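Data first, discussion second: the structure below is written as structure tokens.
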Amino acid sequence: MRLSVVGAGPAYTDRPGSSGAAYLIRSDAKSLLLDLGQGSFPRLAGLLDPAALDAVVVSHLHPDHFIDLVPLRHYLCYEEPPSRVRVMGPAGLAGRLDALNGAAGWTAGSLDVEPLVEGRQAIGPFELEVVRVTHTDSSFGFRVSTPTDGRPDPIGLVYSGDCGRAEDLDALARPGDTLLCEVSFGPGPVAAGAQHLDGPAVGELARRVEAGRVLLTHLQMGFDRTATIDSVRARFDRGPVELVDPGFETTIGS
Ligand SMILES: [Zn+2]
Ligand SMILES: [Zn+2]
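Counting the sequence shown from 1 gives a position; the working numbering is that position plus 1.
Right under this line is the structure:
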């Protein structure tokens, strides 16, 4: 399974080239996209034909995680031949996009939207595991793996989405997993009332779940990158810790 970071930005930033959350996972000819935030559609379309996506899975309804479903919908509608893509997300997703475009049924014109449910399900060769996380009223974290011969892959990718309580992810992670984890508040601390994570919380999570590796993302502007990585490494020394940007690619599991 290959991970391509399409967008790794937070809600806003002064970092040129940064775009909203979007993580492409491919295995053989199959593909799954986790989130599709602001400005990430062009880079996605440079990596594959977006019509070929097996599904887009949306973690929550903040625009930096889903708003580029608008250009995806346009692409599917106006490129020849017209096509459709499956989208799984929090309840209300289609209504948000319809309202933005001022047209009831606009989303359903090209996107097959279905509500995310907690638990495990198969999407092509991928196993998707979904848990609720503390952020908005309806926010989710994911684990993706590629089981072989019905046996679960021992190594998977755990994606935090946006998450205000690192312990919410404990139920998803297995020893050796790669954590793709938001670190909005850098070395910390998290601002009062903000439902996000900082480096110390991510480092402790990684140590607790015996992660194999940590990929940091969603760093807000103004925070130092090196200090952020160091704040995780100070608590987790079992594997590499990196802060990812668009263009980052790696192999996960088998
Ligand atoms: Zn976000
Ligand atoms: Zn958010």
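Heads up, the beta-carbon is just placed ideally off N, CA and C, and yes, glycines get one too. As the structure is a computational prediction, the values presented were derived from the model and not from experiment.
Counting along the chain, where does the alpha helix (DSSP H) carrying residue i start and finish?
i, result
"L45", "F42 to L48"
"D99", "L94 to N102"
"R121", "That residue, R121, is in no alpha helix (DSSP H); its beta strand (DSSP E) goes G120 to I124."
"D65", "P64 to F67"
In this structure, how does DSSP classify residue i when only helix, strand and coil are distinguished?
i, result
"V210", "helix"
"L35", "strand"
"F224", "coil"
"Y256", "Because residue 256 is not part of the residues shown, which for the chain are 2 to 255, the question remains open."
"R175", "coil"
"V245", "coil"
"A105", "coil"
"A235", "coil"
"G240", "coil"
"G200", "helix"
"E81", "coil"
"V59", "coil"
"T218", "strand"
"L170", "helix"
"L4", "strand"
"T149", "strand"
What span of residues does the beta strand (DSSP E) with residue i cover, start to end?
i, result
"I26", "A23 to S28"
"P116", "L112 to P116"
"Q131", "Rather than Gln, the amino acid found at residue 131 in this sequence is Val. Run containing V131: F127 to V134, per the beta strand (DSSP E) assignment."
"F186", "F186 -> no beta strand (DSSP E), and no H or E assigned at all."
"Y160", "L158 to Y160"
"T251", "E250 to T252"
"M89", "V86 to G90"
Using beta-carbon positions only, say whether residue i and residue j come within less than 7 angstroms of one another.
i, j, result
"L220", "V245", "no"
"P188", "G200", "yes"
"G40", "S20", "yes"
"R16", "T252", "no"
"L181", "L216", "yes"
"D65", "G38", "yes"
"S5", "E250", "yes"
"H136", "H75", "no"
"L112", "V86", "yes"
"L198", "A167", "yes"
"S146", "G254", "yes"
"L98", "T108", "yes"
"A9", "T218", "yes"
"D36", "A22", "yes"
Is there a C-beta anywhere in chain C that falls below 7 angstroms from the one on residue i?
i, result
"L101", "No chain C appears in this structure, which consists of one protein chain only."
Indicate, with yes or no, if ligand 4 has a heavy atom lying under 6 angstroms from the CB of residue i.
i, result
"D65", "This structure lacks ligand 4; the ligands present are ligand 1 and ligand 2."
Does the count of Cβ pairs from the stretch 86-93 and the stretch 137-151 closer than 8 angstroms reach three?
-> Yes: the two stretches touch, three or more of their Cβ pairs being nearer than 8 angstroms.
Are the stretch 169-177 and the stretch 73-80 touching, with three or more C-beta to C-beta distances below 8 angstroms?
-> no
Three CB pairs or more closer than 8 angstroms across the stretch 125-134 and the stretch 96-103 | Contact fails between the stretch 125-134 and the stretch 96-103, because fewer than three Cβ pairs, one in each stretch, are under 8 angstroms apart.
Per the contact definition of three or more C-beta pairs closer than 8 angstroms, is the stretch 200-209 in contact with the stretch 13-32?
-> no
Distance cut 5 angstroms, beta-carbon to ligand 2 heavy atom: residue list by chain order | H63 and D163
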